[in-house]
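Visitor: In this note's numbering, the protein residues as written are 191 to 287. In this text, a Cβ means the ideal position worked out from N, Cα and C, and glycines have one as well. Bear in mind that the values here come from a model prediction, so they are computed numbers and not experimental data.
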């Protein structure tokens, strides 16, 4: 039982750190709380609705979105994101106030 509890705690801690880490790459340009216009060009993403973030990230990933001329940069940033990663990022961004 002790091993199961410890395993559950480890998985939860790992998931939490992955969630925090997943926005870390975004924070380089968008700021720790999504408060910056990336490279002085983008919209401030802080507090965006989850649906808007999901649609934007999927558009960049597919190469069909090029807002503010950032399509190529964002395509590279989103290339390895899974649907779960995108959903997680959308939740994090929506929660930023």
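Where does residue 300 fall in DSSP's three states?
Guide: Only positions 191 to 287 of the chain appear in the structure, and residue 300 is not among them; the question remains open.
Visitor: Confirm the yes/no value for this check: CB of residue 258, any heavy atom of the ligand NAD, distance under 8 angstroms.
Guide: You won't find the ligand NAD in this model; it holds no ligand whatsoever.
Visitor: Taking 9 angstroms as the cut-off, decide whether the C-beta atoms of residue 254 and residue 279 are in contact.
Guide: As a first step, residue 254 must be located in the chain shown, where it is residue number 64. As a first step, residue 279 must be located in the chain shown, where it is residue number 89. Taking 9 angstroms as the Cβ cut-off, residue 254 and residue 279 do not qualify as a contacting pair.
Visitor: Looking only at its own chain, which residues have a Cβ that is under 6 angstroms from the Cβ of residue 283, when we skip the five neighbours before and after it?
Guide: Walking along the chain shown from the start, residue 283 turns up at place 93. Only 224, 235, 238 and 243 meet the Cβ criterion.
Visitor: Anyone know if the C-beta pair for residue 250 and residue 272 falls short of 9 angstroms?
Guide: By 1-based counting over the chain shown, the position of residue 250 is 60. By 1-based counting over the chain shown, the position of residue 272 is 82. Taking 9 angstroms as the Cβ cut-off, residue 250 and residue 272 do not qualify as a contacting pair.
Visitor: Please work out which residues of its chain come closer than 7 angstroms, Cβ to Cβ, to residue 213, disregarding the five sequence neighbours upstream and downstream, and give them in chain order.
Guide: Numbered from its first residue, the chain shown carries residue 213 at position 23. Excluding positions up to five away in sequence, the list reads 279 and 282.
Visitor: Tell me the rounded alpha-carbon separation between residue 265 and residue 222.
Guide: Taking the first residue of the chain shown as position 1, residue 265 is located at position 75. Taking the first residue of the chain shown as position 1, residue 222 is located at position 32. Rounded to the nearest angstrom, the two C-alpha atoms are 21 angstroms apart.
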